[in-house]
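The structure appears below as structure tokens.
Numbering (the numbering used here), first residue to last: 3 to 491.
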């Protein structure tokens, strides 16, 4: 059945992605163009991702708060680079009331309800948060201030795709204040490491940690750090960013503090965030032509059990014992005892949903002291013994998690190419894709020209790489290091 409803990746990658979003019951379009409805199963995956990230934030000393959805327009005028970066994406509230249409049915905007100052639906919260921090910070004793919020934001998008690019999306945004430049920079780097840890060890999605170029930097930041992942089609996905904001927002909103020497100075700042875009990365990193494939650590259901051919007292009793043993190990398990559906239909549905392990239990299997088992990542079948089953499955879930990361790393290695000429760059980009490591002369002019000619962008300047003398692939000018190019979502 999956073969009939899911377009093959090789035939149409975009349609394949959309089919998985739809048929795995992750999300659907809403009546508002560019906005999506996240369905219960999709939201359960997001909740697992959110809860783990939230724990990691709290483990590094952060606390959660919440700031308003609506931001006075004047706030966005206070930091010039910031407003320029988001101006074209902002949704604006101009009135506060509707009225019955005097000319007929329905409602219209009440012209007498025009706001004195327009309000912006938050595209990000730096401005409202730094306005607030002015009232919270006066002394070095108030620092560091380590706050995160889980929220929705709106950025008006013309071309949208579920999870990857939507007008409204869910995210977290951390906003921290520090007494020194070094402390703020250490915070920005720490949160980049948290994101990379989560992406690799929970999502099984390998990432490259790097620095954005000045042209790709977050509006209002002095430095932007990024994690970049590579999808199965060879396109890159910016999966999380952490920004060193310097004193830009502190100066814009006049946030000062008395240091330990009783001298007044501006606060140093960071912001950092990941969003439901990670869901898109999850789908495109692991899934296949049969549907979604989920890493066990974030799968809402890790083991699905199906009775064969249908539920009966003997099978139900055995399944009850298996489930008790699995739950005692902390394994998320589900029993599909719906008598209206055939086992084959249930198997297909389990594959579509990407559940890591499927177990079939029948009377004949039980007589032999075994069960039928299939792991989703490889579709390998086995007939393990009921004895020690919970321990075996615990180990198998870890094996699946590790295998998924190893497979994604191997694919990224295969799709990462070093080139030394522009002709070679274009040939690799056209025929292979993936990350292309190449020399660049460091100018925005050259960066934009390469983008104009090829549609490839500099994804990042990788952290931790050794300096390497070379010449720019486009201009031939000197270069001291390689950068990663790719076409991107």
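Virtual Cβ for every residue (Gly too), placed ideally from N, Cα, C.
Nearest to residue 69 by C-alpha distance, out of 150, 59 and 85, is 150. Remark: C-beta atoms of residue 231 and residue 283 approach each other more closely than 7 Å. Apart from sequence neighbours up to five positions away, the residues of its chain that approach residue 431 with a beta-carbon distance below 8 Å are 438, 456, 458, 487 and 489, ordered along the chain.
By the 16-neighbour rule on beta-carbons within 10 angstroms, residue 177 is buried.
Your pair residue 379 and residue 295 checks out as a contact, with CB atoms roughly 6 Å apart and the cut at 8 Å. Residues 54, 55 and 58 of the same chain have their beta carbon placed closer than 7 Å to that of residue 200, with the five preceding and five following residues left out of the count. A distance of 7 Å or more separates the beta carbons of residue 384 and residue 371. In this structure residue 140 is exposed. Its beta-carbon is surrounded by fewer than 16 other beta-carbon atoms within 10 angstroms. Contact check for residue 90 and residue 120: beta-carbon distance about 16 Å, past the 8 Å limit, so the pair fails to qualify.
As the crow flies, the alpha-carbon of residue 63 is around 14 Å from that of residue 186. Closest in C-alpha terms to residue 181, from the list 45, 288 and 148, comes 148. Pairing residue 472 with residue 442, the inter-Cα distance amounts to about 9 Å.
Residue 306 sits close to residue 352, with the two beta carbons spaced by under 7 Å. In the displayed model, residue 69 falls within coil according to three-state DSSP, outside both helix and strand. For residue 220, same chain residues with a beta-carbon under 6 Å away, outside a window of 5 residues either side, are 226 and 245 in chain order.
DSSP lists no beta-bridge partner residue for residue 50.
Bounds of any beta strand (DSSP E) do not take in residue 456; it lies within the alpha helix (DSSP H) bounded by 446–456. Residues 307, 335 and 337 of the same chain have their beta carbon placed closer than 8 Å to that of residue 325, with the five preceding and five following residues left out of the count. Excluding residues up to 5 positions away in sequence, 29, 30 and 32 lie with their Cβ nearer than 7 Å to the Cβ of residue 39 in the same chain. One thing to note: residue 166 has its Cβ within 7 Å of the Cβ of residue 279.
For residue 324, there is no enclosing beta strand (DSSP E); the enclosing alpha helix (DSSP H) covers residues 315–330. In the structure shown, residue 290 falls within a strand segment according to DSSP collapsed to helix, strand and coil. Residue 214 is classed as buried because its beta carbon has at least 16 other beta carbons within 10 Å across all chains shown. In this structure, residue 169 lies near residue 36, with their beta-carbon atoms less than 7 Å apart.
Contact between the segment 117–133 and the segment 86–101 is present: three or more C-beta pairs spanning the two stretches fall below 8 Å.
In this structure residue 43 does not touch residue 299 by the C-beta definition: roughly 17 Å separates them, more than the 8 Å allowed. For residue 240, the pairing in a beta bridge is given by DSSP as 230.
Per DSSP, reduced to three states, the secondary structure at residue 491 is coil, with no helix or strand assignment. If you look at residue 167, you'll find it isn't in any alpha helix (DSSP H); DSSP assigns it neither H nor E. Inter-segment contact for the segment 132–146 and the segment 249–265 is present: three or more beta-carbon pairs are separated by less than 8 Å. Only residues of its own chain outside the window of five on either side were considered, and among them none has a CB closer than 6 Å to the CB of residue 391. Annotation note: the segment 104–169 contains the following uninterrupted alpha helix (DSSP H) runs of length 4 or greater, listed N- to C-terminal: 128–138. DSSP, read as helix, strand or coil, puts residue 310 in strand. Apart from the 5 residues on each side of it in sequence, residue 235 sits with its Cβ closer than 6 Å to the Cβ of 15 in its chain, given in chain order. The residue from 317, 331, 202 and 49 with its alpha-carbon nearest to that of residue 339 is 317. With a cutoff of 7 Å on beta-carbon distance, residue 363 and residue 321 are scored as near each other.
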